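Colleague:
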Amino acid sequence: MKGFDYIKATDITSACEPATADTATFIAGGTNLLDLMKLEIETPETLVDINPLELKQIEPTTDGGLKIGTLVTNSELAAHPDIVANYPVLSRALLAGASGQLRNKASTGGNLLQRTRCYYFYQTDAPCNKREPGTGCPAINGENRLLAILGTSDACIAQHPSDMAVAMQALGVKVATHKTDGTTRTLTLDELYSLPKDTPHVETVLEAGELITHVILPPPVAGTHTYDKVRDRASYAFALVSCAAIIDVDEAGVIQTARLAFGGIGTMPWRNTAVEEALIGTKGDTLAVVKASNLLLADAKGYGKNDFKIPLTERLLQQVIERAITQPSSHRSASKPSSQTGA
Ligand SMILES: Cc1cc2nc3c(=O)[nH]c(=O)nc-3n(C[C@H](O)[C@H](O)[C@H](O)COP(=O)(O)OP(=O)(O)OC[C@H]3O[C@@H](n4cnc5c(N)ncnc54)[C@H](O)[C@@H]3O)c2cc1C
Ligand code: SF4
18 MKGFDYIKAT
28 DITSACEPAT
38 ADTATFIAGG
48 TNLLDLMKLE
58 IETPETLVDI
68 NPLELKQIEP
78 TTDGGLKIGT
88 LVTNSELAAH
98 PDIVANYPVL
108 SRALLAGASG
118 QLRNKASTGG
128 NLLQRTRCYY
138 FYQTDAPCNK
148 REPGTGCPAI
158 NGENRLLAIL
168 GTSDACIAQH
178 PSDMAVAMQA
188 LGVKVATHKT
198 DGTTRTLTLD
208 ELYSLPKDTP
218 HVETVLEAGE
228 LITHVILPPP
238 VAGTHTYDKV
248 RDRASYAFAL
258 VSCAAIIDVD
268 EAGVIQTARL
278 AFGGIGTMPW
288 RNTAVEEALI
298 GTKGDTLAVV
308 KASNLLLADA
318 KGYGKNDFKI
328 PLTERLLQQV
338 IERAITQPSS
348 HRSASKPSSQ
358 TGA
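When we follow the numbering used here, the leftmost residue of the sequence shown carries the number 18, and every step to the right adds one.
Set out below in structure tokens:
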């Protein structure tokens, strides 16, 4: 590991110190960053430890949502009573990730910004456009079983690894940040993440020294909340394909609202609202599900060993819709949407 300076941040302003922003890296739980530093994939000159910051709370927002501090651990978030009752899709996704020990350390912000699990990215004697721009992408014709089929480019096909972010994508969260010049901004996940295109080393729009301070959940979304993760092992395994779903079905079995986001298949947590629109007003019959699958996978591209993800995604979508129709009261969130509660 390369030597580095270590600074304990005392407040948000000092954490986002402009003088060191270009050469410094934040550390939260360290469960991804330390591995990357040991392999010298990341070599910060200064490590800014953000753990002392007052960003460990989960607080209500005025519109009935929740504001999650970036340092809330994955375990704390999954077990929080408001999350369990009103955002069960998020709790389930978190519990499907990593292991108990890792979730006790992993933070909300760190989970969003964890790096890909592409084997070649971690194999430092192999070329990799994401690690060393311009060197090539051996995964395209190599070991790509885990990698993406949507949002890929000729430069990189690495999948986004987070489970939590998939549920957050379905919920429509916003990420609040603080920049080195003292200004703040909020970003949707579609705004935060960048597709690989020809610059796969650029994974987000965050500027040097820009700190994620919170994740903001909108008011609860009614419906059946599920998170399904197809993987090679029950623990310590990233998703081959996953689906976060919030589906509301009326007494006649007609889908009223649907939110669907997918993991394991995209270079970012994948949501396509056209898929949801194709299901609304239907009873989830075969024709409707096939239409939705076709919309979801219209641009999907397999690279050989990951071709199986295309039919696997179709079957997972079918299972999710079938269950929402046949067991609409299971996995329901406790809250009704704000339009029904008047909140
Ligand atoms: C064996 C193993 C299995 C795993 N399995 C899964 C799994 O199945 N599903 C899953 O989703 N994840 C899995 N993970 C990944 C794990 O969830 C992440 O490592 C963890 O969430 C990262 O959080 P952290 O706080 O430790 O981040 P760190 O390692 O501290 O940081 C990660 C990155 O985020 C940046 N960062 C952290 N906080 C901020 C902030 N507030 N603002 C700006 N930048 C920030 C850091 O600079 C760094 O670049 C696994 C990890 C391991 C080691
Ligand atoms: S898929 Fe991306 S991360 Fe993997 S080898 Fe290719 S460029 Fe590197």
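Here a beta-carbon is modelled for each residue, glycine too, at the ideal position from N, C-alpha and C. Here the structure is a predicted model, which is why all the values come from computation and not from measurement.
Kindly give me the distance between the Cβ atoms of Ala-26 and Val-65, rounded to whole angstroms, as I take these residues to be in contact under 8 Å.
Modeller: Residue mapping note: residue 26 aligns to position 9 of the sequence shown, counting from 1. Residue mapping note: residue 65 aligns to position 48 of the sequence shown, counting from 1. That pair is a contact at about 5 Å.
Colleague: Applying the 10 Å Cβ sphere with the 16-neighbour rule, what's the burial state of Pro-213?
Modeller: Start at 1 with the first residue of the sequence shown, and residue 213 comes out as number 196. Buried, since its Cβ has 16 or more Cβ neighbours within 10 Å.
Colleague: I'd like the ranges of any beta strand (DSSP E) spanning at least 3 consecutive residues and lying wholly in the stretch 29 to 114.
Modeller: DSSP runs (the beta strand (DSSP E)) wholly in the stretch 29 to 114: 41 to 44, 63 to 66, 75 to 77 and 83 to 86.
Colleague: Any heavy atom of ligand 2 closer than 7 Å to the beta-carbon of Pro-150?
Modeller: The count along the sequence shown starts at 1 and reaches residue 150 at position 133. False, no ligand heavy atom lies under 7 Å from that Cβ.
Colleague: Which term fits Gly-359, buried or exposed, when burial requires 16 or more other beta carbons within 10 angstroms of its beta carbon?
Modeller: Locating residue 359 in the sequence shown gives position 342, counting from the first residue. In this predicted model, Gly-359 has a pLDDT of only 31, less than 50, meaning its place in the structure is not dependable; the value taken from the coordinates is given anyway. Per the 10 Å Cβ criterion, exposed.
Colleague: Would you report the Cα separation of His-97 and Ala-143, rounded to the nearest angstrom?
Modeller: Your numbering for residue 97 matches position 80 in the sequence shown. Your numbering for residue 143 matches position 126 in the sequence shown. Taking the straight line from one Cα to the other gives about 42 Å.
Colleague: Using 8 Å for Cβ pairs, my map puts Gly-126 next to Thr-87. What's the rounded Cβ distance?
Modeller: Mapped onto the sequence shown, residue 126 falls at position 109. Mapped onto the sequence shown, residue 87 falls at position 70. Confirmed, Cβ separation roughly 4 Å.
Colleague: Is there at least one non-hydrogen atom of ligand 2 closer than 7 Å to the beta-carbon of Ala-156?
Modeller: If you number the sequence shown from 1, residue 156 lands on position 139. Under cutoff, so the answer is yes.
Colleague: Please return the same chain residues whose Cβ sits closer than 7 Å to the Cβ of Glu-59, not counting the five positions on each side in sequence.
Modeller: For this step, residue 59 is matched to residue 42 along the sequence shown. Counting only Cβ-Cβ distances below 7 Å, and skipping sequence neighbours, we find Thr-42, Leu-50 and Leu-53.
Colleague: Going by DSSP, what residues sit across from Tyr-23 in a beta bridge?
Modeller: Here residue 23 is taken as the residue at index 6 of the sequence shown, counted from 1. DSSP, once it has assigned bridges, lists Leu-64 as partnering Tyr-23.
Colleague: Which whole-angstrom value describes the C-beta separation of Lys-322 and Asn-161, a residue pair presumed to lie in contact below a C-beta threshold of 8 Å?
Modeller: Taking the first residue of the sequence shown as position 1, residue 322 is located at position 305. Taking the first residue of the sequence shown as position 1, residue 161 is located at position 144. The pair is a contact, with the Cβ atoms about 5 Å apart (cut-off 8 Å).
Colleague: Alpha carbon to alpha carbon, how far is Gly-199 from Gly-226? Give it in angstroms, no decimals.
Modeller: For the purposes of this step, residue 226 is identified with residue 209 of the sequence shown, where counting begins at 1. For the purposes of this step, residue 199 is identified with residue 182 of the sequence shown, where counting begins at 1. Cα to Cα, Gly-226 sits roughly 11 Å from Gly-199.
Colleague: Does DSSP classify Arg-162 as helix, strand or coil?
Modeller: Locating residue 162 in the sequence shown gives position 145, counting from the first residue. Coil, per DSSP.
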